[in-house]
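Trainee:
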Amino acid sequence: MRMPAVGITCYPTQGGSGVVATELGLHLARMGCEVHFIATHLPFRLEPYHGNIFYHPVEMPSYPVFQHAPYTLSLASTMHDVALRCGLDILHVHYAVPHAAGAYLARQMLGADRIKVVTTLHGTDITLVGQEPSYFPITRFLIEQSDAVTAVSGFLRDETVRVFGCGRDIEVIPNFVDARLYVPARDAAVRARFADAGEKLIVHVSNFRRVKNPQAVVDVFAGVAAELPARLLLVGDGPEMPAMREALAAGGLLERTTCLGSVTGLEGILPACDLLLLPSLHESFGLVALEAMACGVVPLATSRGGAGEFIHDGVNGYLRDPHDVAGMIEAAVAVLRDDGLRQHLAEEARRDAAGDFGATCVVRKYLDLYDRLLAPGALRAAFRRGS
Ligand code: GMT
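In numbering that gives the first Met the number 0, the protein residues as written are 0 to 386.
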């Protein structure tokens with residue numbers, strides 16, 4: 000199979016969709032694809048250098064007439080330019096709004112059949128943002144116009160069909176984890192930074208928006224800490240962080256909490272933890288729960304959304320309704336009190352994450368999709384003739 004040249008666009012800041020896009024690009028590059036990231040900034044998990052990876056910044060010149068610089072137009076122009084200069088076969092955009100619009104415009108500018116557009120739906124592009132009245136019709140139009148659409152869970156695919164009434168094929172390609180990087184290698188020194196011997200360590204990783212249900216994180220931690228010695232580790236940052244710190248302080252829990260902020264190297268932190276708490280109001284997938292599982296950390300996650308497609312309640316983790324604080328406390332205390340149980344669930348979690356959700360298995364699905372879309376060799380030849 001000829002390896003395609005792929006342009007990848009994502010939000011480059013911390014967040015699951017950017018992580019998936021970046022990891023996908025890295026794996027494709029290692030497999031021999033030329034990967035061109037087209038984004039406003041260098042995606043945060045991108046290695047400094049890899050022979051097959053290129054980065055093209057989307058410049059957004061400001062002008063006094065503009066109240067807001069038109070990102071979508073700059074993106075489309077950059078995509079068009081990179082596609083012509085670098086002979087891209089595929090524009091693969093992550094998070095539909097507005098990236099699918101940029102790719103649609105670039106494809107129109109390039110001319111029919113010169114490039115294929117793949118849109119990967121991640122979550123709130125469908126469940127929240129795409130449903131805003133001002134984005135709804137265009138989101139539906141772009142889903143229909145993409146050459147291929149993927150969703151990161153069956154839940155998200157079904158939501159897309161239900162909400163937008165799309166009749167087109169949407170392939171479920173789940174999120175994945177690099178199971179060689181995310182391993183259950185507990186480093187005693189790292190753990191000692193966050194918890195004393197005899198204390199259990201609960202971790203929450205997110206971008207601290209309301210959808211992450213931060214109050215439930217506080218309430219569950221309060222309930223657990225009342226039952227056994229425990230510490231809370233918060234990784235990431237976002238708009239709800241100040242309110243969360245206030246709530247922790249009000250409950251006298253701030254001194255039992257470490258706020259790490261937005262850091263890279265999650266694979267070095269997660270294995271030190273005992274339980275990952277992700278009580279989101281909904282989660283189309285919940286990538287960090289999968290990353291935790293690969294590190295042998297038991298996930299306690301929301302039952303609303305797609306996390307149930309890889310977390311099996313009582314088998315490799317726990318699923319609870321995001322409003323069932325008592326149920327979450329009960330599950331957390333049970334597993335944290337019983338080291339044998341925790342160890343058993345952790346082993347199941349690691350095995351399941353590294354199997355069907357391991358990078359090698361899932362990245363192959365994207366490559367197969369590209370291959371089905373491309374007439375091998377023809378597009379590259381067309382670019383050579385035309386540009
Ligand atoms: O959709 C979002 O809110 C942002 C996005 C992100 O960039 O973090 O999160 C979504 O995509 C992730 C990667 O596919 C999923 O793991 C998250 O579950 C999903 N977030 C939500 O559904 C709230």
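By construction, the Cβ of each residue, glycine as well, lies at the ideal position given by its N, Cα and C atoms.
With distances taken between CB atoms, is the gap from residue 321 to residue 280 smaller than 8 Å?
Mentor: Counting from one through the sequence shown, the residue named residue 321 turns up at place 322. Counting from one through the sequence shown, the residue named residue 280 turns up at place 281. Contact: yes.
Trainee: In whole angstroms, what separates the C-alpha of residue 262 from that of residue 202?
Mentor: Numbered from 1 along the sequence shown, position 263 holds the residue referred to as residue 262. Numbered from 1 along the sequence shown, position 203 holds the residue referred to as residue 202. Approximately 14 Å, taken between the alpha carbons.
Trainee: Do residue 235 and residue 207 have their CB atoms nearer than 8 Å?
Mentor: Within the sequence shown, numbered from 1, the residue matching residue 235 stands at position 236. Within the sequence shown, numbered from 1, the residue matching residue 207 stands at position 208. Contact flag set, yes.
Trainee: When you compare each of 302, 14 and 345 to residue 314 by their alpha carbons, which one comes out closest?
Mentor: Residue numbering aside, residue 314 sits at position 315 when the sequence shown is read from its first letter. Here the closest residue by C-alpha is 345.
Trainee: Out of 143, 114 and 145, point me to the one whose CA is closest to residue 83's CA.
Mentor: What you label residue 83 is simply residue 84 of the sequence shown in a count that begins at 1. Out of 143, 114 and 145, 114 has the C-alpha closest to the C-alpha of residue 83.
Trainee: DSSP three-state label for residue 278, please.
Mentor: The residue you call residue 278 lines up with position 279 of the sequence shown. Coil.
Trainee: Could you work out which residue in 72, 75, 50 and 38 is closest to residue 29 when comparing CA atoms only?
Mentor: Your numbering for residue 29 matches position 30 in the sequence shown. Of 72, 75, 50 and 38, the residue nearest in Cα terms is 50.
Trainee: In the structure shown, what three-state DSSP assignment does residue 45 receive?
Mentor: Taking the sequence shown and counting its residues from 1, the one referred to as residue 45 is at position 46. In the structure shown, residue 45 sits in coil (DSSP, three-state: anything other than H, G, I, E or B).
Trainee: From 372, 325, 364 and 299, pick the residue whose C-alpha is nearest to that of residue 23; which is it?
Mentor: To locate residue 23, count along the sequence shown from 1; it is residue 24. That would be 364, whose Cα lies nearest to the Cα of residue 23.
Trainee: Please list the terminal residues of the continuous alpha helix (DSSP H) segment that includes residue 219.
Mentor: Along the sequence shown, one-based indexing puts residue 219 at 220. Start and end: 213 to 224.
Trainee: Check this for me: beta carbons of residue 142 and residue 126, under 8 Å apart or not?
Mentor: On the sequence shown, residue 142 is found 143 positions in, with the first residue counted as 1. On the sequence shown, residue 126 is found 127 positions in, with the first residue counted as 1. For residue 142 and residue 126, no; Cβs fall outside 8 Å.
Trainee: Is residue 206 close to the ligand GMT? I mean its beta-carbon at under 7 Å from any heavy atom of the ligand.
Mentor: Residue numbering aside, residue 206 sits at position 207 when the sequence shown is read from its first letter. Indeed, a heavy atom of the ligand GMT lies less than 7 Å from the Cβ.
Trainee: For the structure I just gave you, are there three or more beta carbon pairs, one from the segment 129 to 142 and one from the segment 90 to 107, closer than 8 Å?
Mentor: Counting Cβ pairs under 8 Å, three or more are found: they touch.
Trainee: Report the partner residues of residue 56 according to the DSSP bridge assignment.
Mentor: The count along the sequence shown starts at 1 and reaches residue 56 at position 57. 38.
Trainee: What residues are listed by DSSP as bridge partners for residue 319?
Mentor: On the sequence shown, position 320 is the one that residue 319 refers to. Answer is 301, bridged to residue 319.
Trainee: Run the proximity test for residue 182: is its beta-carbon closer than 7 Å to any non-hydrogen atom belonging to the ligand GMT?
Mentor: Against the sequence shown, residue 182 aligns to sequence position 183. No; taking the cut-off as 7 Å, the Cβ of residue 182 has no heavy atom of the ligand GMT nearer than that.
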